[in-house]
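Asks: Can you keep this structure in mind? I'll have questions shortly.
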Amino acid sequence: MSEAPTTQVARPIWLSRIALGIAAVYVLIYPLISSDLYYQNMYITSLVFAVAASGLNIIMGLAGYVSLGQGAFIGLGGYTIGICATRFDSVSPWVWIPLAAVVTGVVALVLGVVSLRTRGPAFVIITVAFLFLVQVIAVNWKSLTNGTAGLSLPLPTWSIDIINWPFYYALCGILALQMLLAWWIQRTKLGMGLVAIREDETKAATIGINLPVEKMLAFVASSFFVGAAGAVYGYYLTFIDPRGMFSILFSVQIVLSVLVGGRATLWGPVIGAFLIEWINEVANNDLGGGNTRLLIFGGLLVGLVLFLPTGILPTAERLLSWWRTRGKAGLVGARVETGGAFPVAKDREPVPALAPDVPLLEVKGLERRFGGIRAVDSATLAVPEGSITGLIGPNGSGKTTLFNLIDNTLRPDTGEIWFAGERIDRLHSWQRAHRGLGRTFQITRLFREMTVLENVVAPQRTFSLSQLGRIAVSGAEAERARELLDFVGMGAFAGQKASDLSFGQQKLVELAQVLMLDPRLILLDEPAGGINPVLIERMSEMIRELNRHGTSFLIVEHNMPFVLDLCDPVHVLARGRRISTGTPDEIQADPSVIDAYLGEDFLAPQESRPSRDREVI
Amino acid sequence: MEPFVQNLILGLLLGGVYALVASGLTLIFGVMRVINIAHGAFLILGAFVSYTVWNWLGFDPLLCIIATTPVIFAIGWVVYRVIVSPIRDAPMSSTVLLTFGLALVLEAVMGFIWGNNSTSVRPSYADESFTIGELFLPKAQVYGGLIAIVVLVALHLLLTRTWLGRAIRAAASNPTGAQLVGITISSVAALVFAIGIATAGAGGAIAAILYPFVPGSHYQWIARLLAIVVLGGLGSMGGAVLGAVMFGIAETMTAAYISPAWATAVPYAIVFAVLLVRPQGLLGTKLRDDAVAA
């Protein structure tokens, strides 16, 4: 299973690896081959920013939370060592560096909590406010920080010949740890979850991703080593003050590093940090500093957002692979396979059967209003275990809203939802997913920037910290995902970006994605909508196949032959209420159903009652 | 009692200036979903332009608003066409970074042109005050606040009583629909951006006589303005005015009764608290986020 999918273009990895290796070795041995303090200083500063940028990349590149407060973590690390070292001058300042990392990690949790409530631009604003607030505190809390006068640390005690070496190599070590962490996160379920959060947070919750825990972990991971690097930096500078340590330009420099190098890449932020710090030095020393530096940073920010939004590394990679394939890459016209038998999960745990009178899903008196509109109005219905239950109704009757209430995309105003004998309406989306509730969307919501395979490995069946650390991009998880992709016939597309797929193909992938949850009940929102008849037939077969293996379904669909052929029982919803339930034949005969669809004036011809072979709508 | 009433009136007048500038910020957000971090920088630019006009022609500084506003309007229009419109459809975080970069560029450019020393505009009545009974109201603040309110009312009339205003509001509530009924979104967007920026320019001309300023003052202004629009609810004009008045009064009162050192933290604390407790602000509306745009 480790073989690369035939559709993926081999990336010219060796080229960049050699270049990176040479650069890394050069930086590593620089203090040994040169005693030029100017460049040593530049590399030390670059290393600090590289750690900060690589950390920021975890929340900005992977999870999509752009932060202009990242510079504050360098300052927090610096202040931790400053405050401790000036108070306890009998111990070496080095001992405070782990403490600085911990302090910074804890403060980062505050931003993590904020990220639970705000997204997008509101979050960016709050990070700026966070930075300035920390700065104001550092200025005003004089008893702790000595205010604007700043703190002077004890001078280094070692030989002047190697004065920079300990700082230099401590930072190299911290950067290595930081990059190891970033590399590891990108390969795990945690990393997949973070990218899923970036692409579509609401959807991520419905496939079992525990948003608060993932985001908290990401924020701690993004700042922990930054605090350590900031502490080393503070000791190196031996003087820290609020204006210097909490400058907004630190944050700008870090964001620029990530943008210029390439978001969500391992090396991009590090390369970016060295590049931007070099520009910073040139601007300061050769071009007069001050306003010129501002102009360059501001202009770079504008220019990058406008002209190079993906950054250097991804752009270079794309150009290189285009060059190697002469632009002929990509999978055009590959066939959707007919698929095979459903691969039952090997580690599937048998679930205790429900008591005969307990339905798998039960909705009682559920209500949801939007202003004056009751989209779902005391709806009550049940899905028996092992059934394929249909849910039909005119447009606007509340079907999708009901789905949204069941999987917690929306919260109900009143009413209860029971799943397998347990009340779930107070649970989070991911908790519902862990109990075996899966859901597809009417307009597919795949994670567009992820590959098909990554989309399918992203769901999390259960929650545990150890499972977050499981490697997702290869091994058992990826193997299971490939099996499911083969089942839905999309195996050949595993390496494609989800946004390159057609709508029908996306529906199939979304089904595979939900199956990764190994659900007991799948809510399908218009599985046959907008796809061709052959695919509809295939969809029907797969639903039956899955049902034979014990999966229950609740299906919203407007294609009547599809519903009437597949589902029993069928619920009919109108104006947010269930108006009828029965077998397909009973439903078709029910005057209230005909009335709901066609209006009071319509009289169905008595002789030719619509049969299940004809579409009535 | 009198000092309290006096502070209240001064707070209201200051709130008028804030309301004018914040309206522009929230208008831009409402129509194009761009949070213009450069708004404070445009305000300081307005202050500098006003300073130059005052120096050059010797007008009453508040009359300079007539010259300053169109200049800043034109700059706003060009800026929109050149750097904002190409990324209209980019994620909002990108436009935040873009306008932040723009703010840095403007700060640098102002530094090159006018220098980084503290600048102030002093009208002939700078040291005069109205005395009504026990109340003691500096003339500059009274005139400034009143002019801000006049401009704000004019903006309100423009948005509610004219065809352009209806087009703008249509574009804000449903861009695709507006396009279908013949509104050229790109032109409306450019106008909205320019009008929004112009409010910052007008506000800058007024602010110039109230406080000394340097290019770097834009950080304080954007912090205040963001606090105001976040408090009022992003995209809501009424919210911006309400937030501005509350903020103006709160700031005047804090400066008068509590330590001014911690007063600088107030806007940041407000941003934090509001976004955490009530992310939609006072008058903002929560949209139905389950409805999928097909």
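Protein chains in written order, with the numbering used here: chain A, 210 to 826; chain B, 6 to 299. All C-beta atoms, glycine included, are put in the ideal place defined by N, C-alpha and C.
Give me, in chain order, the residues of the same chain whose beta-carbon lies closer than 7 Å to that of residue 726 of chain A; leave out the 5 immediate sequence neighbours on both sides.
Replies: 416, 417, 642, 647, 668, 670
Asks: Should residue 435 of chain A and residue 261 of chain A be called a contact, given that it needs their Cβ atoms to be closer than 8 Å?
Replies: yes
Asks: Return the residue from the list B:242, B:245, B:206, B:240 that minimises the CA-CA distance to residue 53 of chain B.
Replies: B:206
Asks: Counting contacts by CB-CB distance shorter than 8 Å, is residue 258 of chain A in contact with chain B?
Replies: no
Asks: Which residue marks the beginning of the alpha helix (DSSP H) containing residue 586 of chain A, and which one marks its end?
Replies: Run containing residue 586 of chain A: none in the alpha helix (DSSP H); it sits in the beta strand (DSSP E), 582-592.
Asks: Is residue 326 of chain A close to chain B? Criterion is C-beta to C-beta, closer than 8 Å.
Replies: Judged by the 8 Å Cβ criterion, residue 326 of chain A is in contact with chain B.
Asks: Which of the residues in the segment 485-508 of chain A, read from start to end, lie with their CB under 9 Å from any CB of chain B?
Replies: 499, 500, 501, 502, 503, 504, 505, 506, 507, 508
Asks: Give me the residue from A:570, A:612, A:602, A:664 with the minimum Cα distance to residue 631 of chain A.
Replies: Taking only the C-alpha atoms, the option nearest residue 631 of chain A is A:570.
Asks: Give the single residue among A:232, A:712, A:728 whose Cα lies nearest to the Cα of residue 735 of chain A.
Replies: A:712
Asks: Taking the DSSP output, what are the residues bridged to residue 706 of chain A?
Replies: BP columns for residue 706 of chain A point to A:660.
Asks: Using a Cβ-Cβ distance under 8 Å, would residue 265 of chain A count as near chain B?
Replies: no
Asks: Once you ignore the five residues that flank residue 633 of chain A on each side, which residues in its own chain have a CB closer than 6 Å to its CB?
Replies: 626, 641
Asks: Excluding the five sequence neighbours on either side, which residues of its own chain have a C-beta within less than 8 Å of the C-beta of residue 609 of chain A, listed in chain order?
Replies: 651, 734, 765
Asks: Nearest by alpha-carbon distance to residue 285 of chain B: which of A:482, A:806, A:331 is it?
Replies: A:331
Asks: Counting only Cβ pairs nearer than 9 Å, list the residues of chain D close to residue 83 of chain B.
Replies: Here chain D cannot be found, since the structure's protein chains are A and B.
Asks: Tell me whether the beta-carbon of residue 665 of chain A lies closer than 8 Å to the beta-carbon of residue 714 of chain A.
Replies: Taking the C-beta atoms as reference points, residue 714 of chain A is found no nearer than 8 Å to residue 665 of chain A.
Asks: Count the other CB atoms, across all protein chains shown, that sit within 10 Å of the CB of residue 351 of chain A; report buried if there are 16 or more and exposed otherwise.
Replies: exposed
Asks: Less than 8 Å separating the beta-carbons of residue 756 of chain A and residue 615 of chain A?
Replies: Residue 756 of chain A places its beta carbon 8 Å or farther from that of residue 615 of chain A.
Asks: Is residue 771 of chain A buried or exposed, if buried means 16 or more other CB atoms sit within 10 Å of its CB?
Replies: Burial call: buried.
Asks: How long is the line joining the alpha carbons of residue 503 of chain A and residue 45 of chain B, rounded to whole angstroms?
Replies: 16 Å
Asks: Let me see if you follow: with CB-CB separation under 8 Å, is residue 282 of chain A close to chain B or not?
Replies: no
Asks: Starting from residue 804 of chain A and walking both ways along the alpha helix (DSSP H), at which residues does that stretch end?
Replies: 800-807
Asks: So, at 6 Å on beta carbons, what are the nonlocal neighbours of residue 729 of chain A in its own chain, with the 5 sequence-adjacent residues on each side left out?
Replies: 645
Asks: Residues of the segment 266-281 of chain B with a CB closer than 9 Å to any CB of chain A: list them in chain order, please.
Replies: 266, 267, 269, 270, 272, 273, 274, 275, 276, 277, 280, 281
Asks: Is the shortest distance between the beta-carbon of residue 112 of chain B and the beta-carbons of chain A less than 8 Å?
Replies: yes
Asks: Could you name the residues of the same chain whose beta carbon sits closer than 7 Å to that of residue 229 of chain A, not counting the 5 residues immediately before and after it, in chain order?
Replies: 476
Asks: Can you tell which of A:403, A:791, A:394 has the C-alpha that lies nearest to the C-alpha of residue 590 of chain A?
Replies: If we check each option's Cα against that of residue 590 of chain A, A:791 comes out closest.
Asks: List the residues of chain B that residue 341 of chain A touches, going by C-beta distances under 7 Å, in chain order.
Replies: 228, 273
Asks: How many Å lie between residue 146 of chain B and residue 66 of chain B at the Cα?
Replies: 13 Å
Asks: By the DSSP assignment, the beta strand (DSSP E) with residue 627 of chain A in it spans what residues?
Replies: 623-628
Asks: May I have the straight-line CA-CA distance separating residue 592 of chain A from residue 604 of chain A, to the nearest angstrom?
Replies: Approximately 22 Å, taken between the alpha carbons.
Asks: Could one say the Cβ of residue 105 of chain B lies closer than 8 Å to chain A's Cβ atoms, at least one of them?
Replies: yes
Asks: Output the distance between the C-alpha atoms of residue 272 of chain B and residue 228 of chain B, rounded to the nearest integer angstrom.
Replies: 6 Å
Asks: If you draw a straight line from the C-alpha of residue 157 of chain B to the C-alpha of residue 134 of chain B, how long is it?
Replies: 24 Å
Asks: Bridge partners for residue 783 of chain A per DSSP, in chain order?
Replies: According to DSSP, residue pairing for residue 783 of chain A in a beta bridge involves A:786.
Asks: Please report how far the alpha carbon of residue 308 of chain A lies from the alpha carbon of residue 290 of chain A, in whole angstroms.
Replies: Taking the straight line from one Cα to the other gives about 8 Å.
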